[in-house]
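Residue numbers (the working numbering): 1072 to 1650.
Here's what the structure looks like:
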């Protein structure tokens, strides 16, 4: 085999062997011509205004009423490239600010609609759909009710007016990342087969009500000033809202409108994955409403590696009748005002110590009770829900504290709203004072209202009995959640019983021995214990003992309290043997 000078002694492939083995005089000029052509700058990369460019950059010869900028967009898309004005002009402009935007970037809404829907431009869309970056639209964009199967990306664009995409249907991704809108944006009842991307976009009002999203909705880094309506939305995967900002003032107050405190309506929605609201600036947000929403995955409000949200003083998170699979949060991730009525969750991750970029200590019952009390109308079901999740996590002590506090609150509410003292002060004394004042003024008293005093009295008596039973349960065994308290009280009552039993012992036995002799201590202890144990008799001799004096009433009380202590003991054994 013959060695060739151009191969360094190696055999060349058959394909192209004749061209490489040609004369150097023919090869070098062709190579220099290729280098010169590749090194020449492309017209679309010429500098734009402010960068040494000219207004003619990123332009092409238009036809059929099309502007030169629109013709350039068509040419870029047909070449399989995005129509990127930022790359063409070599300058990035803030879509939320009106300064420095020139007519060289302006496209019409009519052109956009034609580009997306007209079959004439299907060849321009076949490579990567429609992707336009850094353009400006003066008119409102109306694409309501349209259907298309190409991916549409309008990114870092400035829309001086709004956009109506209601009832839009597409099987692909729709992206408005980084764009800013001076008017409302609506995708109500839209159907998006893939992801819906709003990252870093600027909105005033955004309407996604009744929309159907095949994958995720991404709002991370977005800025809003008004209402985000996602009521009844159906999202198959996640709703991501990292670093979401709700501002009351927009950067440019000229064409993007004034800001107001906002609201996020996410009620009656269905989310197949996670709802992520973390590291957000939400001080201008009045409310996030999750009433009736179902989240199959996780309600994510922060973790050891991602900060919580910055809430306003009046911000409120409404979780009424919402259902979530689990909660992941940080202690400071919640607003000061909550609505927890009917809120159901299966797990709460993050209550234990979290070690990562931030060391988060474990949270105890004190924090959890304070969390519940962020709802001023917190109900018993909210306490029971939290206690049930804590027990499933193995935090029985915290669960007991939560349910003890629930009963404490029930007792306070009963005494405040229904007790006989409140009734007397409000209904009895109050009516007497009003009658006296009317008589002194020589004016007839108001006509009496027809009431049913028997029923009212019965209601108040029932409330008093309820308050008394709760009070007794609290001090006897901590509503059944503090058995140690019952045991301590049990011991104290036995000691008191042994003391007050002395006169009876001396009378019954006729002994002249000292009060704290060994025989008296044993006898009085056995009798007191026999009194407190219901349905149990330790000795037949105690049946003939008749307690004398006031001690008789004390032992009657002990007999009643014995049933509470028996119930406490049974409850302790149930917990010991319950898996």
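Glycine included, C-beta positions come from ideal geometry on N, C-alpha and C.
Could you name the residues of the same chain whose beta carbon sits closer than 7 angstroms to that of residue 1525, not counting the 5 residues immediately before and after it, in chain order? Position 454 of the chain shown holds residue 1525. Bear in mind that the predicted position of residue 1525 carries a pLDDT of just 46, short of 50, making it too unreliable to give a figure here.
Review point. Leaving out the 5 sequence neighbours to the left and right, which residues in its chain are closer than 6 angstroms to residue 1278 when beta-carbon positions are compared?
Key: As a working mapping, residue 1278 is identified with position 207 in the chain shown. So the qualifying residues of the chain are 1257, 1259, 1300.
Discussion item. I need the DSSP call for residue 1234, collapsed to helix, strand or coil.
Written reply: Residue 1234 sits at position 163 when you count from the first residue of the chain shown. Note: residue 1234 maps to strand in three-state DSSP.
Can you list, in chain order, the residues of its chain with a C-beta nearer than 7 angstroms to that of residue 1243? Leave out the 5 residues immediately preceding and following it. Along the chain shown, one-based indexing puts residue 1243 at 172. Within its own chain, the residues whose Cβ lies closer than 7 angstroms to the Cβ of residue 1243, once the five positions on either side in sequence are excluded, are 1200, 1220, 1221, 1222, 1264, 1265, listed in chain order.
- Item | For residue 1382, the three-state DSSP class (helix, strand or coil) | By one-based count along the chain shown, residue 1382 stands at place 311. Strand, per DSSP.
**Prompt:** Who are the near neighbours of residue 1620 in its chain, counting only those whose CB is closer than 7 angstroms to its CB and skipping five residues on each side?
**Reply:** Counted from its first residue, the chain shown places residue 1620 at position 549. For residue 1620, where only same-chain residues beyond five positions count, the Cβ hits under 7 angstroms are 1574.
request  = Spatial neighbours of residue 1397 within its chain, please: CB distance less than 8 angstroms, with the 5 preceding and 5 following residues excluded, ordered by chain position.
outcome  = By 1-based counting over the chain shown, the position of residue 1397 is 326. In chain order, 1368, 1369, 1370, 1416, 1417, 1418, 1419, 1420 place their CB closer than 8 angstroms to the CB of residue 1397, counting only its own chain and leaving out the 5 sequence neighbours on each side.
* **residue 1066 versus 1469, 1383, 1209, 1144, residue with shortest Cα-Cα distance** => Shown here, the chain extends from 1072 to 1650; a query on residue 1066 therefore has no answer.
Can you tell me whether DSSP reads residue 1130 as helix, strand or coil?
One-based indexing of the chain shown puts residue 1130 at position 59. Reduced to three states, the DSSP call for residue 1130 is coil.
- Item | For residue 1619, three-class secondary structure by DSSP | Here residue 1619 refers to the residue found at position 548 when the chain shown is read from its first residue. DSSP, read as helix, strand or coil, puts residue 1619 in coil.
Cβ-Cβ separation, residue 1177 to residue 1146 (assumed contact under 8 angstroms), whole Å
The residue given as residue 1146 occupies position 75 in the chain shown. The residue given as residue 1177 occupies position 106 in the chain shown. About 17 angstroms separates the Cβ atoms of residue 1146 and residue 1177, ruling out a contact at the 8 angstroms cut-off.
- request: Indicate whether residue 1287 and residue 1304 have their beta-carbon atoms separated by less than 8 angstroms.
  value: As a first step, residue 1287 is located in the chain shown; it is residue number 216 there, counting from the start. As a first step, residue 1304 is located in the chain shown; it is residue number 233 there, counting from the start. No.
Practice item. Hey, could you find the ends of the beta strand (DSSP E) residue 1371 is sitting in? Key: Position 300 of the chain shown, counted from the start, is the residue given in the question as residue 1371. Segment 1365-1371, the beta strand (DSSP E) holding residue 1371.
Worksheet item: If you run the structure through DSSP and keep just helix, strand and coil, what is residue 1305?
Response: Counted from its first residue, the chain shown places residue 1305 at position 234. Residue 1305 falls in the strand class under three-state DSSP.
- Beta-bridge pairing of residue 1310 - partner residues as DSSP gives them: Along the chain shown, read from residue 1 onward, the residue named residue 1310 stands at position 239. Here residue 1310 is bridged, per DSSP, to 1288, 1346.
Exercise. Rank 1383, 1275, 1414 by C-alpha distance to the C-alpha of residue 1391 and give the top, closest one.
Key: For the purposes of this step, residue 1391 is taken as residue 320 along the chain shown, with counting starting at 1. When only C-alpha atoms are compared, the closest one is 1414.
For residue 1591, does the count of other Cβ atoms within 10 angstroms reach 16, so buried, or fall short, so exposed? Within the chain shown, numbered from 1, the residue matching residue 1591 stands at position 520. Residue 1591 counts as buried, since at least 16 other C-beta atoms from the protein chains shown sit within 10 angstroms of its C-beta.
* Three-state secondary structure (DSSP) at residue 1638? -> On the chain shown, position 567 is the one that residue 1638 refers to. In the displayed model, residue 1638 falls within a helix according to three-state DSSP.
Discussion item. So for residue 1172, helix, strand or coil by DSSP?
Written reply: Here residue 1172 is taken as the residue at index 101 of the chain shown, counted from 1. The answer is coil: DSSP assigns residue 1172 none of H, G, I, E or B.
With distances taken from CA atoms, which of 1389, 1348, 1226, 1197 is nearest residue 1156?
Reading the chain shown from its first residue, position 85 is the one you call residue 1156. Selected option, being the one with the closest Cα: 1226.
What's the call for residue 1514, buried or exposed, on a 16-neighbour Cβ count within 10 Å?
-> One-based indexing of the chain shown puts residue 1514 at position 443. A caution first: residue 1514 carries a pLDDT of 38, below 50, which makes its placement in the model unreliable, though a value can still be read off. The residue is exposed, with fewer than 16 neighbouring Cβ atoms inside 10 Å.
> Do residue 1383 and residue 1340 have their C-beta atoms within less than 8 angstroms of each other?
Replying inline: Start at 1 with the first residue of the chain shown, and residue 1383 comes out as number 312. Start at 1 with the first residue of the chain shown, and residue 1340 comes out as number 269. Here residue 1383 is not near residue 1340, since their CB atoms are 8 angstroms or more apart.
Alpha carbons only, please: which of 1253, 1152, 1236, 1240 is nearest the one belonging to residue 1166?
Against the chain shown, residue 1166 aligns to sequence position 95. In this structure, 1253 is the residue among 1253, 1152, 1236, 1240 with its C-alpha nearest to the C-alpha of residue 1166.
Could you spell out the range, first to last residue, of the alpha helix (DSSP H) harbouring residue 1593? The count along the chain shown starts at 1 and reaches residue 1593 at position 522. First-last of the alpha helix (DSSP H) with residue 1593: 1589-1603.
Point to revise | First through last residue of the beta strand (DSSP E) which encompasses residue 1416 | key: Sequence index remark: in the chain shown, residue 1416 carries index 345 (1-based). Residues 1415-1420.
Note to self: Beta-carbon within less than 6 angstroms of residue 1310's beta-carbon, same chain only, minus the 5 sequence neighbours each way: which residues are those?
What the structure shows: Here residue 1310 corresponds to residue number 239 of the chain shown, with the count starting at 1. Closer than 6 angstroms at Cβ, skipping near neighbours: 1288, 1342, 1346.
- prompt: For residue 1412, which three-state DSSP category applies?
  reply: Taking the chain shown and counting its residues from 1, one reaches residue 1412 at position 341. Here residue 1412 sits in coil by DSSP.
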